[in-house]
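Per our numbering, numbering through the sequence shown is continuous, rising by one, with the last residue being 323. Every residue gets a Cβ at the ideal spot worked out from N, C-alpha and C, and that includes glycine. Note that the structure is a prediction, hence the values are computed from the model and not measured. What follows is a set of notes on a single structure, which appears directly below.
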Amino acid sequence: MRILLTGATGFIGSHLVPDLLAAGHEVIGLSRSTDGAERLARTGAQSFVADVNDLDRLRAGAAMADAVVHTAFNHDFAQVKRHSEEDRAVIEALGQALGGSDRPLVVASGTGLVERRAGADVVTEADPHAGLDIAPRAATEEAAEAVLARGGRVIVVRLPQVHDARHQGRIAHHIRLAREKGRVAYIGDGANRLPAVHVSDAVRLFRLAVENGPAGARYHAVAEQGVAMRDIAAVIGAGLNLPVASIPPEAAADYFGVLARLAPLDLAASSAQTRRDLDWTPKGPDLLADLQRIDWAAG
Ligand SMILES: NC(=O)c1ccc[n+]([C@@H]2O[C@H](COP(=O)([O-])OP(=O)(O)OC[C@H]3O[C@@H](n4cnc5c(N)ncnc54)[C@H](OP(=O)(O)O)[C@@H]3O)[C@@H](O)[C@H]2O)c1
Numbered sequence: 025m026r027i028l029l030t031g032a033t034g035f036i037g038s039h040l041v042p043d044l045l046a047a048g049h050e051v052i053g054l055s056r057s058t059d060g061a062e063r064l065a066r067t068g069a070q071s072f073v074a075d076v077n078d079l080d081r082l083r084a085g086a087a088m089a090d091a092v093v094h095t096a097f098n099h100d101f102a103q104v105k106r107h108s109e110e111d112r113a114v115i116e117a118l119g120q121a122l123g124g125s126d127r128p129l130v131v132a133s134g135t136g137l138v139e140r141r142a143g144a145d146v147v148t149e150a151d152p153h154a155g156l157d158i159a160p161r162a163a164t165e166e167a168a169e170a171v172l173a174r175g176g177r178v179i180v181v182r183l184p185q186v187h188d189a190r191h192q193g194r195i196a197h198h199i200r201l202a203r204e205k206g207r208v209a210y211i212g213d214g215a216n217r218l219p220a221v222h223v224s225d226a227v228r229l230f231r232l233a234v235e236n237g238p239a240g241a242r243y244h245a246v247a248e249q250g251v252a253m254r255d256i257a258a259v260i261g262a263g264l265n266l267p268v269a270s271i272p273p274e275a276a277a278d279y280f281g282v283l284a285r286l287a288p289l290d291l292a293a294s295s296a297q298t299r300r301d302l303d304w305t306p307k308g309p310d311l312l313a314d315l316q317r318i319d320w321a322a323g
């Protein structure tokens, strides 16, 4: 397939490019910079220089492709509402370009955006995304649903914490806080969990989704249902040689700042249906193993 990949220079995109090429696909990597385009060209991918928010140019890129995988997102969380609404417009434009055809549009979302059913231990693929009032980023899945309603073959891949030994997303903020404060904190008994996947497993799932996913499919790229926050804190403490301690919920704002709302949440997620439907078995290192491989001295 000839696949347009947005976010091709990002963490997940830059691992997905070689995986798609190795599987025999043609990749058109979208990048907003000429520097990014040059890096893509060196991998063997074609490049398409565009800002995703230039919707006419984006549609022109999608029109050249048999499939689109959309992983671009602006992660400036100070403006999450604005960027989420931009993502809605991007997904709707991609949907228009692909029309009601069988050409797949795979969209990246997050397991953290899913509403957990009362009494359930984990969120599943069958659970809907939260409302916009709780999570502005729900705009992404709302847009995917709108494309589906117009007859598009849209597939949602929900990601947990994606990691390797250099990138750990949200945990990088926990590490920065620990360095600043000289101690590592978790809330209460620290049993609340973060689901995780190694980047190599996440990209294989994106490939299986674009190759095989039917219209309306939702997949969870979850290798570990949930890693306890106190276990993550223990590895950070060992790496930085800092004390690790529980703090009460009322002290969360003081320690965690902007992460205070997120820090106590239990975000455990299942991928049982995804594993069955796509015959996907994660093989990469687990989150704590990758955290142990961090070069702590590098600062
Ligand atoms: N990584 C995780 O743990 C995780 C967890 C849950 C959900 N997700 C979702 O998965 C997707 C990919 O995540 P990631 O970790 O790979 O993100 P990332 O490393 O931040 O990469 C984002 C990519 O989007 C591109 N981009 C941003 N704004 C753009 C614009 N206006 N025009 C063109 N390109 C633009 C960036 O381009 P530049 O290279 O030019 O900056 C970059 O290539 C995102 O939707 C993310 O929210 C990721």
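Check, Outcome
"Proximity to A159 [Cα-Cα], best of A46, D303 and S133", "S133"
"H107 in three-state terms, based on DSSP", "helix"
"Cβ separation of T33 and D111, assumed to be a contact under 8 Å, to the nearest whole Å", "With 8 Å as the limit, T33 and D111 do not qualify as a contact, their Cβ atoms being about 17 Å apart."
"Contact under 8 Å by Cβ, L122 with H197", "no"
"Proximity winner among H107, D80, I199 and E149, relative to G323 (alpha-carbon distances)", "I199"
"Cβ distance (whole Å) where V130 is taken to contact V234 below 8 Å", "5 Å"
"Cβ-Cβ distance between R194 and L266 below 8 Å", "no"
"Residues bridged to Q70 [DSSP beta-bridge criterion]", "I52"
"Top-ranked residue by Cα proximity to Y243, from L201, V221, S270 and R299", "R299"
"Inter-residue Cα distance where the pair is L57 and H187", "First, the residue type needs correcting, since residue 57 is Ser and not Leu in the sequence shown. Computed Cα separation, rounded: 25 Å."
"Any non-hydrogen atom of ligand 1 closer than 7 Å to R56 Cβ", "yes"
"Contact test: L172 Cβ vs ligand 1 heavy atom, cutoff 7 Å", "no"
"Which of helix, strand or coil DSSP assigns to L156", "coil"
"Same chain only: Cβ atoms within 6 Å of V92, ignoring 5 sequence neighbours per side", "L28, A86, L118 and L129"
"Any non-hydrogen atom of ligand 1 within 7 Å of G53 CB", "no"
"heavy atom of ligand 1 below 7 Å from D75 C-beta", "yes"
"Any non-hydrogen atom of ligand 3 within 7 Å of L232 CB", "For ligand 3, the structure offers nothing, since it holds only ligand 1."
"Rounded straight-line distance, which links the Cα of I179 to that of R127", "11 Å"
"Within 8 Å, strictly: CB atoms of P288 and V221", "no"
"Where S224 sits in the DSSP three-state scheme", "helix"
"Contact under 8 Å by Cβ, G48 with A69", "no"
"Helix, strand or coil at R63 [DSSP, three-state]", "helix"
"Given 8 Å, three or more beta-carbon pairs between the stretch 135-155 and the stretch 93-103", "no"
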